[in-house]
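Those letters in the sequence shown? Residues 86 to 312, per the working numbering, in order.
Don't be surprised by glycine CBs; every beta carbon is placed ideally from N, CA and C.
First comes the structure, then the notes that go with it.
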Amino acid sequence: MNASTVQCPNCSQPAAGRFCSHCGAALTARVTPTPTGAKTLVPWVAAGIALAVLVVGLWVLVGRDKPPPFLEVGQMLNQPPDLSTMAPREAADRLFNRIMTAAEGGDSQAALRFVPMALKAYERLAPLDNDARYHVGLIHATAGDLDGTRADIAMLRQSVPDHLLAIMLEHTIAKQLGDQDAAAHAYKTFLAAYDAEIVTGRVEYRDHQRGIDSFRRAAKASIGGSP
Numbered sequence: 086m087n088a089s090t091v092q093c094p095n096c097s098q099p100a101a102g103r104f105c106s107h108c109g110a111a112l113t114a115r116v117t118p119t120p121t122g123a124k125t126l127v128p129w130v131a132a133g134i135a136l137a138v139l140v141v142g143l144w145v146l147v148g149r150d151k152p153p154p155f156l157e158v159g160q161m162l163n164q165p166p167d168l169s170t171m172a173p174r175e176a177a178d179r180l181f182n183r184i185m186t187a188a189e190g191g192d193s194q195a196a197l198r199f200v201p202m203a204l205k206a207y208e209r210l211a212p213l214d215n216d217a218r219y220h221v222g223l224i225h226a227t228a229g230d231l232d233g234t235r236a237d238i239a240m241l242r243q244s245v246p247d248h249l250l251a252i253m254l255e256h257t258i259a260k261q262l263g264d265q266d267a268a269a270h271a272y273k274t275f276l277a278a279y280d281a282e283i284v285t286g287r288v289e290y291r292d293h294q295r296g297i298d299s300f301r302r303a304a305k306a307s308i309g310g311s312p
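Put into structure tokens, the structure is as follows:
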């Protein structure tokens, strides 16, 4: 075949021009249909995987509990969590976690947004156990309600006079007020009470073991002791 000769798509004979000289069929180019097989699906699959990775990444950065369903992406973007599907204590603790995560990340606006909801959620649990009382104390402190935190400390001390979490809240107040003497006193009080209290194995101590250990190291460092 020369450059102008093609194979007739109808009779398979060599032909030139617009029509086959053997069967008369049109020789105009045909558009080959695009296959819809696996190759055409690859870009869409890749895009879906990328979206899934993004959502999981957001959960890792924001969430502290189990990862939410993909339909709850809005929740991870500072939207109120869907409390209707949770038990009352789970709902309260989820809001507490949100506030603490935002506060630790320096996003005070996001932290304050959840404070009223969290306090209402804990009110529904009354009477509060010591773990929940500590959560409420931290929420009050985050919101700048130091009188509220003092009331929570009093409730903890009413239950356990040397409660370690109450002492930690006292230190939180001292730091917010810039009272170095009160902060140092809280450290010393904590270390004096630590051995007798930690062996009690209180549930709230186990739940906040990491924070207690960190506070103890800071207390020891503040008085020149070994961490």
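One alpha carbon belongs to I297, the other to L250, and they sit about 8 Å apart.
The three-state reading of DSSP puts P173 in helix, counting H, G and I together.
Here the alpha carbon of T285 sits roughly 24 Å from the alpha carbon of T234. CA-CA distance, A226 to T257, rounds to 7 Å.
By the criterion of a C-beta distance shorter than 6 Å, L168 is surrounded in its chain by A176, once the five residues flanking it on both sides are discounted. In the three-state scheme derived from DSSP, where H, G and I count as helix and E and B as strand, T227 is classed as helix.
Note on geometry: alpha-carbon atoms of F181 and A236 lie some 18 Å from one another. For Q92, the enclosing beta strand (DSSP E) stretches over residues T90 to Q92. Residue pairing of P99 in beta bridges, as defined by DSSP: Q92.
For V200, the number of other beta carbons within 10 angstroms of its own is at least 16, and it is reported as buried.
From the listed residues A268, H293 and R301, the smallest Cα separation to D280 is found for R301. Just so you know, the alpha carbons of L262 and S193 end up roughly 17 Å apart. The beta carbon of I184 lies closer than 7 Å to those of A196, F199, V200, A203, I224 and T227 in the same chain, with the five residues before and after it left out. Taking a 10 Å sphere around the C-beta of E289, we find 16 or more other C-beta atoms and assign the residue as buried.
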